[in-house]
């Protein structure tokens, strides 16, 4: 049994973060853009989806918060103690697909999970999350900036975090069937329990800081790239590469599968899918082109710092 | 042990069918279109992929034959007798994505599978296959023609086949996460073993006949629809609906997953994916429009005859 229960504080934090991220993206877009849809989960809980598409800068973006609870879903039964009777999960998911192929797609997610017994006492609890970048054209300074911003925040809390979470991210966002990284990574972590690497309040504080590092990690990059010129061939390349993003999310992503199997709202889960995608047969860029360079970079994880 | 071994005859049949289907599609397209790529599977066997895209009629089409063999892959170990040492599988897959949204997408697949012991004696063998139709705009007479053509051939061999295989198809091509049929069905069957519903030669003969029924089932439909006028909004709707096709193939299709897990060639497996696809948030056609009608039809299987 744990007395530490950051549920309400974390939920309020991510609702605030949702607002901050949307405002920040609307500032870039130059107009109020996001619509909010709320939804209920029949078995308990629901969510607030903020979606925008068709912008000059943001071809599609989603900033979703969900808070779900109820009996342990089948998909989790093997992973929780036998005394477990119910669960509570809340999290924020951010996916940004810029229109300009020079600007990378990004994804971030921060979540908190509780396993409860029949008295609603906490049997287990953990935080998870991460942020990663998927460029279509590689600007090394963007990759470095993104990683450095996340590393700086990690380092303030635990020197082991960045190296560990960076590798975790590279392993997670891997399209096994293509033997290709989804993007140039970032950080990924799961099952961070209070009292393990960090004590209760320190852990909670780390989560707030790393989630708050997402905007300074990404916003300068999209600002730098959103007005660059690009050709229709470069746009085409972006649309082909977005296919790999769909393949990862539908074939491999545990978050997507968790959402689908626990009665999450389809339209909110699939806000992560890019707006326009192409599948063409056997696309093979010529050697030493920028497109070929992107593929080379994605063959194996790289140290960006 | 079985003396009945149609492996070579079936393989020759599907190579001939591949040629016939491509010629028939090229005639519709009005030009020679398909390119052939052959590929080797490191563990044994390989394939011949015929692909065409960017046509006036055929936005993307693939007609693939593969013949693979070797040690039992992990994904199959639970499903074969303990004496099983190797497998042999050969099949043809056809996927046609027309440009005109009034013309339906179609898919067909016919395959033969052997499980062999250490003496290369056949421990088990079966045929599988099917053909189905995915319209974006429903023409009831197209659905009826497709089903009737398949039923007529089924009925000549076994009166139970069409009713059984029609239901099997409806159950298989179902997007559980959307609670929506992928299309208006057709037939689907698997594990048809010689000596069960049909004796050896009769079964082999049925497979040739039903595979040969695919062209007369589909070609009249595409000819009827390929020159109809359509608006950019109707094209847009087709691209949105193609997203459901991708979702089915990546989330649910056993054939896709079997291919990926047994070292099939990615670019050949993914020839099934549509050329241009859109994911938009919460697309909801107005009541009583043609788009709404398509969604209504896909809510539950229907008897088309």
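Protein chains in written order, with my numbering: chain P, 18 to 322; chain D, 18 to 322.
Built from N, CA and C at the ideal position, the CB exists for glycine as well.
In the three-state scheme derived from DSSP, where H, G and I count as helix and E and B as strand, residue 136 (chain D) is classed as coil. Boundaries of the alpha helix (DSSP H) harbouring residue 187 (chain D): 178-189, taken from the DSSP string. With 16 or more neighbouring CB atoms inside 10 Å of its own CB, residue 81 (chain D) falls in the buried class.
Cβ neighbours of residue 115 (chain P) within its own chain (closer than 8 Å, five residues either side excluded): 74, 75, 76, 121, 122, 239, 242 and 243. Contact with chain D is found for residue 296 (chain P), since one of that chain's Cβ atoms lies less than 8 Å from the residue's Cβ.
The beta strand (DSSP E) runs lying completely inside the region 101-148 of chain P and spanning 3 residues or more are 103-115 and 122-133, given in chain order.
Three or more Cβ pairs closer than 8 Å define a contact, and the region 196-206 of chain D meets that threshold against the region 148-164 of chain D.
Remark: three or more beta-carbon pairs, one from each stretch, lie closer than 8 Å, so the region 78-92 of chain D and the region 45-62 of chain D are flagged as touching. Chain-ordered listing is empty here: chain P has no CB closer than 7 Å to the CB of residue 322 (chain D), the nearest sitting near 32 Å. No residue range can be given for residue 292 (chain P), since it is assigned to no beta strand (DSSP E) and is classified by DSSP as neither H nor E. At a cut-off of 8 Å between C-beta atoms, residue 227 (chain P) does not count as an interface residue with respect to chain D. For residue 195 (chain P), at least one C-beta of chain D is nearer than 8 Å to its own C-beta. Residue state for residue 65 (chain D) is assigned as strand, using DSSP reduced to three classes.
Under DSSP, residue 204 (chain P) forms a beta bridge with P:148. Contact of residue 81 (chain P) with chain D by beta-carbon distance below 7 Å is absent, the smallest such distance being about 11 Å. Taking residue 137 (chain D) as the centre and dropping the five residues before and after it, the same chain places no C-beta closer than 7 Å to its C-beta. Between residue 175 (chain D) and residue 214 (chain D), the C-beta spacing is below 8 Å. For residue 217 (chain D), the enclosing alpha helix (DSSP H) starts and ends at 217-229. Taking 9 Å as the upper bound on Cβ-Cβ separation, chain P lies near no residue of the region 95-112 of chain D. By alpha-carbon distance to residue 113 (chain D), the top candidate from D:172, D:165, D:67 and D:166 is D:67. Boundaries of the beta strand (DSSP E) around residue 52 (chain D): 52-57. The region 246-257 of chain P makes contact with the region 284-297 of chain P: 3 or more CB pairs, one atom from each, lie closer than 8 Å.
Contact annotation: in the region 257-280 of chain D, residues whose CB is within less than 8 Å of a CB in chain P are 260, 263, 264, 267, 268 and 277.
Under the 8 Å criterion on CB atoms, residue 130 (chain P) is classed as non-interfacial with respect to chain D.
Listed along chain D is no residue with a C-beta nearer than 8 Å to that of residue 118 (chain P); the closest approach is about 16 Å. Assigned with DSSP and collapsed to three states, residue 48 (chain D) falls in coil, not helix or strand. Classified as buried, residue 321 (chain P) has 16 or more neighbouring CB atoms from the shown chains inside 10 Å of its CB. Contact between residue 198 (chain P) and residue 187 (chain P) holds, since their C-beta atoms are separated by about 7 Å, short of 8 Å.
The shortest CA-to-CA distance from residue 105 (chain D) to any of D:72, D:139 and D:268 is the one to D:139.
As computed with DSSP, residue 78 (chain D) is found in a beta bridge with D:69 and D:113.
Counting along the chain, residue 60 (chain P) sits inside no alpha helix (DSSP H), nor does DSSP assign it H or E at all.
In this structure, residue 234 (chain D) and residue 167 (chain D) form a Cβ contact; the two beta carbons are roughly 6 Å apart against a cut-off of 8 Å. The closest CA to that of residue 250 (chain D), considering only D:119, D:288 and D:42, is found on D:119.
Flagged as an interface residue toward chain D: residue 283 (chain P), by a C-beta distance shorter than 8 Å. Beta-bridge partners assigned by DSSP to residue 198 (chain D): D:191. For residue 252 (chain P), the enclosing alpha helix (DSSP H) covers residues 249-264.
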